[in-house]
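Colleague: Take numbering that gives the first Met the number 0: the final residue in the sequence shown is number 311, and no numbers are missing along the way.
Heads up, the beta-carbon is just placed ideally off N, CA and C, and yes, glycines get one too.
Small disclaimer: the values here were computed from a predicted structure and weren't measured.
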Amino acid sequence: MFQYILRRTLLIIPILLGVTILVFSLMHISGDPVKLTYGTNLTADMLQQKRQELGLDKPIVEQYFHWLINALHGDLGLSIRTHSGVIQLINERVWATLELTTIALLITLVVSIPAGIISAVKRYTFFDQVARIFALFWVSMPYFWLGLIFMIIFSINLKLLPVSGRGGAIWTWEGFKYLILPSLTLGLPPAALFMRMIRSNMLEIINEDYVRTARSKGLKEYTVVLKHAFRNALISVVTLLGLRIPWLFGGAVITETVFAWPGMGRLLVDSIMKRDYPVVQGVVLVIAILVVISNIIVDFAYAFLDPRIRYN
0 MFQYILRRTL LIIPILLGVT ILVFSLMHIS GDPVKLTYGT NLTADMLQQK
50 RQELGLDKPI VEQYFHWLIN ALHGDLGLSI RTHSGVIQLI NERVWATLEL
100 TTIALLITLV VSIPAGIISA VKRYTFFDQV ARIFALFWVS MPYFWLGLIF
150 MIIFSINLKL LPVSGRGGAI WTWEGFKYLI LPSLTLGLPP AALFMRMIRS
200 NMLEIINEDY VRTARSKGLK EYTVVLKHAF RNALISVVTL LGLRIPWLFG
250 GAVITETVFA WPGMGRLLVD SIMKRDYPVV QGVVLVIAIL VVISNIIVDF
300 AYAFLDPRIR YN
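(1) Taking the straight line between their C-alpha atoms, what separation do you get for V210 and I106?
(2) Just to confirm before moving on: does the CB-CB distance between S163 and A259 stay below 8 angstroms?
(3) What are the partner residues of L10, as DSSP defines its beta bridges?
(4) Looking at V278 and S78, is the spacing between their C-beta atoms short of 8 angstroms?
(5) With DSSP collapsed to three states, give me the class of L160.
(6) Between V60 and G54, what straight-line distance do the alpha-carbon atoms span, to the nearest angstrom?
(7) Where does G250 fall in DSSP's three states?
(8) May I ask you to check if the CB of Y177 is nearer than 7 angstroms to at least one heavy atom of the ligand SAH?
(9) By how many angstroms is the C-alpha of W66 removed from the C-alpha of R92?
(10) Which same chain residues, not among the five before or five after I265, have their C-beta less than 6 angstroms away from its C-beta?
(11) Using CA atoms only, rank isn't needed, just tell me which of M45, I295, I288 is closest to V18.
(12) Pull up the DSSP beta-bridge partners for L77, would you.
(13) Quick one: what does DSSP say D44 is sitting in, helix, strand or coil?
(14) What residues in its chain sit with their C-beta under 7 angstroms from that of G174, if we drop five residues either side in the sequence?
(15) Go ahead and pull the three-state DSSP assignment for N206.
(16) Could you round the C-beta distance between F248 and V290 to whole angstroms and report it? I think they count as a contact, below 8 angstroms.
(17) Do A119 and I234 count as a contact pair if the criterion is CB distance below 8 angstroms?
(18) Between the region 88-104 and the region 145-164, do three or more beta carbon pairs fall short of 8 angstroms?
(19) Suppose you measure from the CA of L88 to the CA of D275; what does that come to, to the nearest Å?
(20) Are V236 and P188 touching if we call contact CB-CB under 8 angstroms?
(21) Measuring only the C-alpha atoms, how far is S154 from F143?
(22) Indicate the three-state DSSP secondary structure (helix, strand or coil) for K121 in the structure shown.
(23) Take the Cβ of R195 as the centre, count every other Cβ of all protein chains shown within 10 Å, and call the residue buried at 16 or more, exposed below.
(24) May I ask you to report which of helix, strand or coil DSSP gives A130?
(25) With H, G and I counted as helix, E and B as strand and the rest as coil, what does DSSP make of R274?
(26) Report yes if the CB atom of M201 is closer than 8 angstroms to the CB atom of I116, and no otherwise.
(27) Nearest CA to the CA of F303: which residue from A114, L160, V224, R230?
(28) Just to confirm the assignment, what range does the alpha helix (DSSP H) spanning V223 have?
(29) Could you check what DSSP says for A300 in three-state terms: helix, strand or coil?
(30) Leaving out five residues on either side along the sequence, give the residues of the same chain with a beta carbon under 6 angstroms from the beta carbon of R198.
(31) Under a three-way DSSP split, which group does M140 fall into?
(32) Are L183 and M150 closer than 8 angstroms when you measure CB to CB?
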């Protein structure tokens with residue numbers, strides 16, 4: 000197990016190096032960042048001075064390694080627009096994104112797990128039919144469209160929740176109410192996908208011999224379903240969770256933009272629109288790190304869910 004953890008940890012290095020090379024290259028394909036940012040507002044001498052300040056007058060390979068070495072020391076450069084440190088800008092936004100994605104993930108699991116189990120156990124009943132229709136509806140809804148629908152219903156018409164922005168601490172109602180619509184927007188579409196996956200796996204597992212044996216021993220139905228059937232169905236759920244984590248952060252970019260949620264996703268979109276390439280590089284790198292770490296945690300979860308799985 001220790002060797003597997005070590006290998007997976009070391010695998011982070013080439014993955015993140017590949018991400019940095021790709022992002023750094025894409026940022027320079029579009030042309031001179033200084034000229035694209037300032038255009039005709041500065042003279043040629045002033046543009047050259049800006050390039051020297053940002054280190055853009057050096058060869059691109061030298062620029063990359065200079066940026067990489069600084070990044071390893073916790074310095075991701077300065078924003079072209081605000082001249083603030085990129086790390087500072089990210090640190091101001093990262094917790095908002097983690098709040099949003101964590102609550103959205105909880106919504107996904109809390110909605111999908113009971114619905115998937117009940118839908119499988121009550122197969123072809125009214126609940127099953129309604130759940131499948133709703134799952135098909137939610138899974139086909141784009142994040143931006145769902146967010147706008149929620150805004151119109153709950154904010155504009157019913158005036159129950161704020162339209163956009165972020166309040167105070169999420170453990171207070173004043174802060175939490177700002178999080179409800181964005182987290183529902185981000186959490187419900189994947190909940191539909193998870194519900195369908197859980198239902199499908201449960202339908203296969205509840206017909207297995209060991210489940211019938213558990214029933215024949217006189218165990219209560221909820222014990223058979225939860226302890227024997229659902230525990231084995233969790234393996235595929237965890238697999239899907241690992242695959243959906245990048246989609247979760249991608250959906251956060253759209254959701255934060257729609258609801259003006261001050262997270263890394265909105266910072267990324269604003270920086271792309273303003274051609275602030277140091278911020279874009281920094282945000283993408285941090286998101287990549289979060290995705291890789293999340294997937295490693297998912298891999299480790301297999302051994303805890305199923306003792307038969309061993310990492311040799």
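Modeller: The structure says:
(1) 29 angstroms
(2) yes
(3) L10 is not bridged to any residue.
(4) yes
(5) coil
(6) 12 angstroms
(7) helix
(8) This structure does not include the ligand SAH; it has no bound ligands of any sort.
(9) 22 angstroms
(10) For clarity, residue 265 is Arg in the given sequence; the question names Ile instead. Cβ within range, chain order: E255, T256.
(11) I288
(12) G84
(13) helix
(14) G166, G167, A168
(15) coil
(16) 6 angstroms
(17) no
(18) no
(19) 12 angstroms
(20) no
(21) 15 angstroms
(22) coil
(23) buried
(24) helix
(25) coil
(26) yes
(27) R230
(28) Taken as a continuous stretch (DSSP letters only), V223 belongs to no alpha helix (DSSP H), as it is neither H nor E.
(29) helix
(30) G115, S118, A119
(31) coil
(32) no
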